[in-house]
Amino acid sequence: MKDDRLPRGKTIDLTCIICPVGCTLHVSSSPAGVSVLGNRCSKGAEYGAKEITHPERFLQSTVLLLGSATERRLPVKTDGPVPKDKLFDVLKEIKKVHVHVPVNMGDVIIKNVLGLGVNVVATRTIEN
Amino acid sequence: MLVAVVGGGPAGMAAAVAAKNAGADNVLLIERAERLGGVLPQCIHSGFGLNYYGRDLTGPEFAEYLRQDVMQSGIEVWLNAMVIEAHHDKTLVVSKPDGISFVRADVIIFAVGARERPRGAIAIPGTRPAGIFTAGTAQYMINVQGLNIGNDVFMLGSGDIGLITARRLTLEGAHVHGVAELMPFPGGLARNIQQCLKDYDIPLFLSHTVTEVLGKDRVEAVKVAQMENGYVVPGTEKLFPVDTLILSVGLLPEAELIKQLGLTILPYTGSAAVDQYFQTELPGVFVVGNGAGIWDLVDNVATSASVAGEASVKQFYEPSQEATLEPCGDIRVVLPQRIAIGVNNPPRIWFRVKRPLGVCSVALTCDGKTIARKGYASLRPAEMAEISLKLEQYNVIEPGDNLQLTVTPL
Amino acid sequence: MAASGGTRSELDQIAKNDNPINCDVLIIGAGIVGAAAFRELCRYKLNVLLVDANHDVGGDASKANSAILHGGFDPNPGTLMSKLNHDGLALWFAWSQELSVDVEWTGSLVLAFNESEINEITRLYENGKSVKIPVKFLGRDETLKREPVVNPEVKASLYAPVSGIIDPFQAVVALVGNGLKNGGRIRLDTRVEEISKRSDGIYVRTSSGLIRTKVVINAAGLYADQIMRMAGENWFSIHPRRGQYMILDKNVGNLVRHVIFRAPTSIGKGILVSRTTHGNLLIGPTAEDLDKPDKRTTAEGLATVLESAKALVPFPYERFTIAQYAGLRAIGSIDDFVVAHSRTMEGLINAAGIKSPGLTAAPGIAKELCNLVSALVPLEEKANFDPYFELPPILRELPYKYREELIKGNAAFGHMVCRCELVSEGEIENALKMEPPARDLDGIKRRVRATAGRCQGGFCMPRIIDIMRKELNLPYENITKFGNKSNVIYGDNRGNE
Ligand SMILES: Cc1cc2nc3c(=O)[nH]c(=O)nc-3n(C[C@H](O)[C@H](O)[C@H](O)COP(=O)(O)OP(=O)(O)OC[C@H]3O[C@@H](n4cnc5c(N)ncnc54)[C@H](O)[C@@H]3O)c2cc1C
Ligand SMILES: Cc1cc2nc3c(=O)[nH]c(=O)nc-3n(C[C@H](O)[C@H](O)[C@H](O)COP(=O)(O)OP(=O)(O)OC[C@H]3O[C@@H](n4cnc5c(N)ncnc54)[C@H](O)[C@@H]3O)c2cc1C
Ligand code: SF4
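Residue numbers (the working numbering), protein chains in the order written: chain V, 1 to 128; chain S, 1001 to 1410; chain F, 2001 to 2497.
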C-alpha cells in the first residue's frame, strides 16, 4: 500500500467513500489551507480534507472464535477510524487474539488497539 | 392464518417481522443454513443500514438487529431446514434433520436470495484446476470458515462483491494481481473502486476479460486480454501468474421453487413478475429480496420486503385489476412489473439502468403519454434507483394499461 | 510417463529386497474397460488387483465422453469393434439391472442434411442390417414428427431404437464396487512404471511399490501404447483426439428426446445433442487430433460445439451452459480395437486403442479379456459370486416414507447440503464411506452430484469441505479437488487447524 499523503501545494482527485453517492472530490492543499470541491455535503468536505492530510479508514476483520458448535470466526470492526498506514499493524493484532463464546455484538475484543484510541469490537452476537 | 417465509436472509426476516406486526397469527421462517442472516454474516464490511437504520453498519450487525426483531416477535424459526418443493395449493415440502415436513400455508413469501454465476456460465476456456471460486463463496470461506483460499489472486468482474472480496483478500495477506472487467465501466460503486482497489494499488483493467485458465492441478496462471465487440484485441494478452481466480460475474435469483409453481420467469430479472406488494400472479404467493431481482443495498431489500410482509396479511385483491410495466431502452430492470389498481397507497417503482448515465430524466409512460417524470444527476448500473408515484399519478393508471419506463439523457 | 529410471538389474534388486504384492491378475487402468474386466474376473477364484495412477476410479476417457450406448451401426461389419459394440450393448441390458446403473434407452437419430449425408446414413443403415441391429430410415416429416425441435432443413434420418444413454462414472463405480464385494483389491495413486518378466512371474514396478503377478491386463486407455512399450511391444501407437463439450442446465434437459447425431465424417461421429441420465443437456464433442495430451477447452472449440449443435437443433445453448470440459479419445495406429495377447510378453493382455464406442463395448471387451485370461490361468467360478451391486440411496429418488426412515436413523439425511441437486449431508457421508470411496471433491461430485448443479458448488463446496474434514479427519489444506496437488485451500487463516 502506498502512502497517499502528498506534499503540500498539490491537488488530488478522488472518490468520496463516505456514502454510496460517491462524489468525485477535487482536493487541493496550499500553505493557506485545504479546499475541497465536488462534495455534495459537509461530510465529503471533511473526508476530502482528511484524505490529503492524514487519511484514515475503518477496518473490519475476523478473530478466531472458540467454543461454538457452528461458528469458527467472530466478525469484528474498529469503532473508530485507523490511520491508513496503520491498517496492517492493527490487522496483525487482530490475528493474535481469540475469543470464547458467548460474545455479544459491541463487546470490546481489543481495547485501545496499539494505543490508537480505537477499540476492536464484536459485530455479531454468538451465544453458543 | 399461517404465513410461511422461505429464506432467513434480510428479506425473509424483514418480511416475517412485518407480517407478524401486521397481525398474522402464525409466522414460520424457514432457513436452510445453520444461522439466520442470508449472505450478511459473511459480509463483514460496513456500508449497510444507512437508510434502514440510519447508521453505517456491517453485514453481521445489520443481520443481528433483524434477528433480534425476529426473536422478539414470536416468529417460529426453523434452521437447517430446506424447502425442497413448493406446490400450487401453497404446500411446502421441507427437509430438516428431524424428518420431512409438509407445511400448508395461507401465504408464502419467497425470500430465497440469489446464487452467483459460476465459471461454466461464462465458459472461460482452459483447464479445470482447483483454485477457482465465485466471490461470494470466497467471502464465505474467508470470513465465516476462516480459510486461506489463495495467495496470488486474479479477479474477473468488478461488481461490488468482487471489489470487496479483493480488499478482504489483500487485508488477509494475499496479493491481488488485478481485476478485469469486460465492460468499459466498472460494475461496482465508485466508492468501492476507491476504497477497495485504489487504496491498495490493485489495477483495474476495463474492457478486459480472462481468456484462458492454465494449470493442471491448481490454477497456475490466467490469460487476460482486452476485448472489443466480443473479440480479443490481438497483442493485448497478458499472463498473470496466480494460484487463484475469483469470479464476480453476477447474481441470478434462486428461482427454482418459483418455477415449480408454474410462474413465468422474466428474462431480465430471472424471477416471477410481481406487483408493488411483491405479490406474484398467484394470490398469496410473494417473492421478495434478491429472489425477486437483484438489489444492491440491503436497506432496499429490507424496506421492500417489509412492504410485502405487511401486504401479505392485509392486501388481497383481484389479480385482473392491474396494469403491466416494462423496462425500455437504457432501463435494464424494473420492479414491480405489474401494478395493482385501486389500492390506497401509490406504488414505488424501482429500476436499474444498462450503462452509466449523466444528467437524465426517467419517465413512466402509457401509449406515449407521460404519467410521471423524475430527473437524476446521474444513474449507474450498480445502483437500483426509484420513483415514488404520487396519488394523482397512480390514479391515472387503468387496469390493462401497458406502462413503460424510459430514460432520456439531458 | 515413459518407463523411467531403474535398469533391469535394479528392478531385480528391488524384487529381492522388497516384498512384492502378489496377485494372479493385475489390471492397469480403472476406466470403464479395466473396471468391467475387474468385475468379470472377480467371478473366478483368482486374486485380482486393479491399479490406477489417478486418485479415484473412473479413468480418463471414461469420465469425459458423450455417455452414449451406441446402436452398433457405425463400426464396419467384420471388425472387432463391431462385434464388441454389439456384445457390449446387449450386456448393458443385464448389467445395468444387476449393478443399478442408470441407463435410458432413448433411441438415436442420425440426421442427414444433404445428399452426401443421405448416402452416409444409407451406409449406416446397411451396416446395421448386416449385423442385425434394428434401424429405420425416416424421411423429413417422420424425422420431425419424432423429434420436432431438429433443424427443419433436415432431409432424412436414421433411427436406431436400441441405443441410449448411461452414467459412465456411476457404471465404473458400480463395476469396481461389485468386484471389491467379490474379493478383488484396488490400489489408487499407483502408476505403472516398468514391467519385466521373470521365471516366477511378471514383475511390475509402480509408483507405490512392486507387484508380482501371473497375468497383466493393459487397460491404460490413452497410455496403453506406453504399457505395451514397457513390454517391448512397439508395433502400435496411440495419439489423443480431443473432444470438447458443454453441459447445460437441467431446465433445458428435455429439449430432445433422442440422442441426435449428424451423419458421420471420417474423423468422428460429429457433434451430438443429447440428454444425460441426470437430466442435463450435453452438446459436443469436437474432434481435434493432438500431438500430446491436452484437456484444455478452447474458445474456438467451444464455438464449434455451439455452431454445430445449432445446425442440428437450433437453440440458444449459450444462455444455459453450466460447465465445459474436454475428453481425449485414444486413437490407435490401426482403425480397430486391439484386445489380444501381447506379441512380445507372455502373460500380458492388451486392451488398446479403445476409442468410441469403448464405453458401449466395455462389457464385451471384458468377456473377451476373460477368454484371453483363461488361456493363461484356469478360470474357476466362485460359488458365492454376487452379481448385484447397489449404490448408496439417492434421497431425491426415494418416496418420502423412505427418506423419513433414513432421517430418523441419521439426521444428516435431513440436512440438505447441495441446494441445486438436493443432496443431503448423509449422502455425502455415504459417498466417503462406500467402496470405492470418494476421496476428493470431484469424487463426491461424481458419486452423488453435489457441486454438479447449476451453481457448480458455489453454495455447497465450502460445506462439503467441512464434512470431508470431519469424516476423513483431514486438515483443510489436504482437501483436494481430484488428488495430486489440486488442493483447494491453503489452511486456516488464523493458524488454528
Ligand atoms: C457478497 C455480497 C456482498 C454484499 N455487500 C453489500 C453491501 O456492502 N451493502 C449492501 O447494502 N448490500 C450488500 N449486498 C447485498 C445484500 O446482502 C443483499 O441484497 C441481501 O442480502 C439480499 O437479501 P435476501 O434476503 O434477498 O437474500 P439472502 O441474503 O441471499 O438470503 C436468502 C436466504 O434464503 C435461504 N434459502 C434459499 N432457498 C431456501 C430454501 N429452499 N429453503 C430454505 N431457505 C432457503 C438462504 O439460505 C439464505 O439464507 C451484498 C451481497 C453479497 C452476496
Ligand atoms: C470425447 C469422447 C467421446 C466418447 N463418446 C463415447 C460414447 O458416446 N459412447 C461410447 O461407447 N464410447 C465413447 N467414447 C469412448 C470411451 O469413452 C472410451 O473408449 C472408454 O472410456 C475407454 O475406457 P478405458 O478404460 O480404456 O480408458 P480410460 O477411461 O482412459 O482409463 C484408462 C485409465 O488407465 C490409467 N492409466 C494409464 N496409464 C497408467 C499407468 N501407467 N499406470 C496406472 N494407470 C494408468 C489412467 O489413469 C486411466 O484411469 C468417447 C471417448 C471420448 C474421448
Ligand atoms: S460528499 Fe457527501 S454526498 Fe457526496 S459521496 Fe461524500 S458523503 Fe456522499
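We treat Cβ as the ideally placed atom computed from N, Cα and C, and that holds for glycine. Nothing here was measured: the structure is a model prediction, and the numbers come from that model.
Minimum Cβ-Cβ distance from residue i to chain F less than 7 Å
{"i": "V:Leu14", "result": "no"}
{"i": "V:Lys2", "result": "Since pLDDT at V:Lys2 reaches only 45, below the 50 mark, its modelled position is unreliable, and the value read off the structure follows with that caveat. Not one chain F Cβ lies under 7 Å of V:Lys2."}
{"i": "S:Asn1395", "result": "no"}
{"i": "V:Thr123", "result": "no"}
{"i": "S:Ala1130", "result": "yes"}
{"i": "V:Leu64", "result": "yes"}
{"i": "S:Thr1165", "result": "no"}
{"i": "S:Gly1354", "result": "The question names Gly, but residue 1354 of chain S in the sequence shown is Lys. It does not: the Cβ of S:Lys1354 has no partner Cβ on chain F nearer than 7 Å."}
{"i": "S:Arg1218", "result": "yes"}
{"i": "S:Gln1337", "result": "no"}
Residue i - partner residues in DSSP beta bridges
{"i": "F:Tyr2325", "result": "F:Tyr2245"}
{"i": "S:Pro1125", "result": "BP columns for S:Pro1125 are empty, so no partner."}
{"i": "S:Glu1181", "result": "S:Leu1206"}
{"i": "S:Phe1133", "result": "S:Ile1246"}
{"i": "S:Glu1322", "result": "S:Ala1340"}
{"i": "F:Gly2139", "result": "F:Ala2156"}
is_contact[residue i, chain S] using C-beta, thresh 7 Å
{"i": "V:Leu25", "result": "no"}
{"i": "V:Ile114", "result": "Note that residue 114 of chain V is Leu in the sequence shown, not Ile. No, V:Leu114 does not count as interfacial toward chain S."}
{"i": "V:Leu91", "result": "yes"}
{"i": "V:Lys86", "result": "no"}
{"i": "V:Gly67", "result": "no"}
{"i": "F:Leu2422", "result": "yes"}
7 Å Cβ cutoff, residue i in contact with chain V
{"i": "F:Asn2478", "result": "no"}
{"i": "F:Arg2469", "result": "no"}
{"i": "F:Arg2242", "result": "no"}
{"i": "F:Asn2496", "result": "yes"}
{"i": "S:Thr1365", "result": "no"}
{"i": "F:Leu2011", "result": "Because F:Leu2011 sits at a pLDDT of 49, beneath the cut-off of 50, its placement in the model cannot be relied upon, and the following sentence gives the value as read from the coordinates. Taking Cβ atoms only, chain V never reaches closer than 7 Å to F:Leu2011, which makes this a no."}
{"i": "S:Asn1148", "result": "no"}
{"i": "S:Pro1060", "result": "yes"}
Residue i: CB within 6 Å of a non-hydrogen atom of ligand 5
{"i": "F:Ala2053", "result": "Ligand 5 is absent from the structure shown, which contains only ligand 1, ligand 2 and ligand 3."}
Distance CB(residue i)-CB(residue j) smaller than 7 Å
{"i": "F:Gln2244", "j": "F:Val2313", "result": "no"}
{"i": "V:Ala122", "j": "V:Leu65", "result": "no"}
{"i": "F:Ile2365", "j": "F:Val2033", "result": "yes"}
{"i": "S:Val1313", "j": "S:Gly1023", "result": "yes"}
{"i": "S:Val1396", "j": "S:Pro1336", "result": "no"}
{"i": "S:Gly1131", "j": "S:Thr1244", "result": "yes"}
{"i": "S:Ile1109", "j": "S:Ala1015", "result": "yes"}
{"i": "S:Asn1357", "j": "S:Pro1409", "result": "The amino acid at residue 1357 of chain S is misidentified as Asn; the sequence shows Leu. Yes. Within cutoff."}
{"i": "S:Ile1258", "j": "S:Ala1272", "result": "yes"}
{"i": "V:Asp79", "j": "V:Val113", "result": "no"}
{"i": "S:Val1003", "j": "S:Val1039", "result": "no"}
{"i": "S:Asn1143", "j": "V:Thr70", "result": "no"}
{"i": "F:Gly2177", "j": "F:Val2048", "result": "no"}
Evaluate the contact criterion for the region 2337-2344 of chain F versus the region 2218-2234 of chain F: three or more CB pairs, one atom per stretch, below 8 Å.
yes
With distances taken from each beta carbon to the nearest heavy atom of ligand 3, which residues come in below 6 Å, in chain order?
V:Cys16, V:Ile18, V:Cys19, V:Val21, V:Gly22, V:Cys23, V:Asn39, V:Arg40, V:Cys41, V:Lys43 and V:Gly44
Taking three-plus beta-carbon pairs below 8 Å as touching, is the region 2196-2216 of chain F in contact with the region 2151-2167 of chain F?
no
Pair every Cβ in the region 1090-1097 of chain S with every Cβ in the region 2438-2452 of chain F, then say whether three or more of these pairs are closer than 8 Å.
no
Inter-stretch contact at 8 Å, needing at least 3 Cβ pairs: the region 1371-1383 of chain S / the region 1340-1353 of chain S
yes
Would you check if the region 1102-1122 of chain S and the region 1214-1234 of chain S touch, i.e. whether three or more CB-CB distances between them fall below 8 Å?
no
Stretch pair the region 2059-2070 of chain F + the region 2024-2039 of chain F: three plus CB contacts closer than 8 Å
yes
Should the region 2214-2224 of chain F be called in touch with the region 2254-2273 of chain F, which here means at least 3 C-beta pairs below 8 Å?
no
Would you call the region 1213-1221 of chain S and the region 2484-2494 of chain F in contact, with 3 or more CB pairs under 8 Å?
yes
Any chance the region 2081-2100 of chain F sits against the region 2453-2471 of chain F, with 3 or more Cβ pairs inside 8 Å?
no
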